[in-house]
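To start, the structure under review is shown below, and the notes come after it.
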């Protein structure tokens, strides 16, 4: 691994200054992805700014929202009593990700900022526009069974690997950010980017900006929720794809719905049009199938991931059936 | 090697010492004279040390250590290479196998995926810190009793994870144990016996 400088500030502003002033500096929190990438030489920061001593790990209520500190551990959020009571979908998604050990290290902010697991991104001998802009996309004509079916470009067809983020986009969360120019907020759906011509940028964070918290607003989605993750072993594997489903039911009638998918795009993929199909209809398999059909509009597969075109709608239906207990 | 070669307790250490000494001699023999004198002056090294090394205080298995480490040393490498606690294993070194599982402030983590310097002031427990003198920890006993291993390479990580699994309250059923032990891969496939060992400890109600 390359040598690097290490600093450990205790105030957020000092951390922000350290990274804003140095293009080769990176924040490190849990390190579960960055250390991995540094060992492989995929990322080679010259300076690491350890943010673990910043006071950003609280989980607390703020008015009508639950504020998740950016440094709250994935395990702490998943097991938090308020999260389990008010946002069980988030708890389910978190517990579907990684392993207990990794969830004890990974943070809210780090989970959002983890890089894609596209094997071409990790393999230094392969072209990758995300790792090295302008070199091409190895996956486009390569082994692309794990890759995107929505929102890709000819520059990048990688998917975002987070489970937590799929739940947070479904729950209309807000990302709180501090940077050299002050504080700002982003809707969770606007935080991650589609690849377009700049796949090297995963998110809309500006240089030196630090995620400080994620706000999850109260919602009626406290009961009929499910996170369905499809993977190649029962646990501890990245998703082939996943579905976060949340329903607000009045008897058997759907009053409101939230749907999002993971493992299908460069960002957590909210299915707003499919949600609208569900509202006002009875919670039946037929309704869920209609929503799934709408959800799949615009999907396109590559040579090795055509299975996702069938797996995705079936998983949407399964997730909704489980959420509704139909 | 100076001591009796047939003393089992020292055998491994003697082998390591011998290997270190002999490779050091080989290395010196191959290095040209001027480089050796420069190295003897240790000027480069001292300059590099001042720039690279960071002070680190750790409590490992109840023992306090004042260390000086390169930022790029992982917790796993520090434990194995500097503190010679080689019970914690390096399997994949990328957070995919769990062989390096240790407890940091009581929580199980993958030692391969964090830099040692990030743990300043924290308390680490490794497999060497579980037993009470010669008395094995109940989880160690249960792994022996249920044959929870074949080659044994993943076992320290499995046991550290298993202890945490019970302490966290995630050993309520076979399904729950399997889910909460999924971060520890056993290529020999001793899973059934590992689950039995954990259930035995859980049902035995011993303090873990």
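Residue numbers (the numbering used here), protein chains in the order written: chain A, 2 to 327; chain B, -1 to 206. Built from N, CA and C at the ideal position, the CB exists for glycine as well.
By the criterion of at least three beta-carbon pairs nearer than 8 Å, the stretch 139 to 158 of chain B is in contact with the stretch 183 to 190 of chain B. For residue 52 of chain B, at least one C-beta of chain A is nearer than 8 Å to its own C-beta.
Per DSSP, residue 122 of chain B is one residue of the beta strand (DSSP E) stretching across 121 to 123. A distance of 8 Å or more separates the beta carbons of residue 84 of chain A and residue 215 of chain A. The beta carbons of residue 143 of chain A and residue 123 of chain A sit no closer together than 8 Å. In the structure shown, residue 185 of chain A falls within a strand segment according to DSSP collapsed to helix, strand and coil. Taking 8 Å as the cut-off, the Cβ atoms of residue 318 of chain A and residue 286 of chain A count as close. Taken atom to atom, the span from the alpha-carbon of residue 126 of chain B to that of residue 85 of chain B is near 6 Å.
Residue burial is scored here from C-beta neighbours: residue 172 of chain B has fewer than 16 other C-beta atoms within 10 angstroms and is therefore classed as exposed.
Put simply, of A:218, A:302, A:284 and A:225 the residue whose alpha carbon is nearest the alpha carbon of residue 64 of chain A is A:218. In the DSSP assignment, residue 204 of chain A falls outside any alpha helix (DSSP H), carrying neither H nor E.
Chain A has no Cβ within less than 8 Å of the Cβ of residue 86 of chain B.
Counting only residues of its own chain and dropping the five nearest sequence neighbours on each side, residue 160 of chain B has a CB closer than 6 Å to the CB of 137 and 196. Looking at the backbone, the Cα of residue 228 of chain A and that of residue 52 of chain B are separated by about 43 Å. In terms of Cα proximity to residue 289 of chain A, the closest of A:270, A:181, A:253 and A:303 is A:253. One finds nothing in chain A with a Cβ atom closer than 9 Å to the Cβ of residue 187 of chain B; even the nearest lies about 13 Å away. For the pair residue 21 of chain A and residue 57 of chain A, the Cα-to-Cα distance works out to about 19 Å.
If you draw a straight line from the Cα of residue 161 of chain A to the Cα of residue 220 of chain A, it is about 25 Å long. Closer than 8 Å to the CB of residue 99 of chain B there is at least one CB belonging to chain A. In the three-state reduction of the DSSP assignment, residue 6 of chain A falls in the strand class, which pools E and B.
In this structure, residue 7 of chain A sits near residue 69 of chain B, with a CB-CB distance shorter than 8 Å.
Within the same chain, and ignoring the five residues on either side of residue 209 of chain A in sequence, the residues whose Cβ sits closer than 6 Å to its Cβ are 17, 20, 21, 180 and 181. Contact annotation, residue 34 of chain A with residue 116 of chain A: C-beta distance approximately 6 Å; criterion of less than 8 Å satisfied. Put simply, the stretch 252 to 266 of chain A touches the stretch 146 to 162 of chain A. At least three CB pairs are less than 8 Å apart. Look at residue 263 of chain A here: in three-state DSSP terms it is strand.
Contact with chain A is found for residue 105 of chain B, since one of that chain's Cβ atoms lies less than 8 Å from the residue's Cβ. The C-beta of residue 308 of chain A comes no closer than 8 Å to any C-beta of chain B.
Annotated three-state conformation of residue 92 of chain A is helix, per DSSP.
The three-state reading of DSSP puts residue 80 of chain A in helix, counting H, G and I together. A direct Cα-to-Cα measurement between residue 238 of chain A and residue 157 of chain B gives close to 22 Å. Of all residues in the stretch 290 to 319 of chain A, none comes within less than 7 Å of chain B when Cβ atoms are compared. Spanning the alpha carbons of residue 189 of chain A and residue 111 of chain A requires a straight line of approximately 14 Å. Check the Cα spacing between residue 132 of chain A and each of A:156, A:148, A:145 and A:147: the tightest is with A:156.
Residue pairing by DSSP places residue 61 of chain A opposite A:68 in a beta bridge.
Sequence-distant partners of residue 306 of chain A (beyond 5 residues in either direction) whose C-beta falls short of 6 Å from its own C-beta, in its chain, are 145, 146 and 148. Closest in alpha carbon position to residue 199 of chain B, among B:96, B:60, B:78 and B:146, is B:146.
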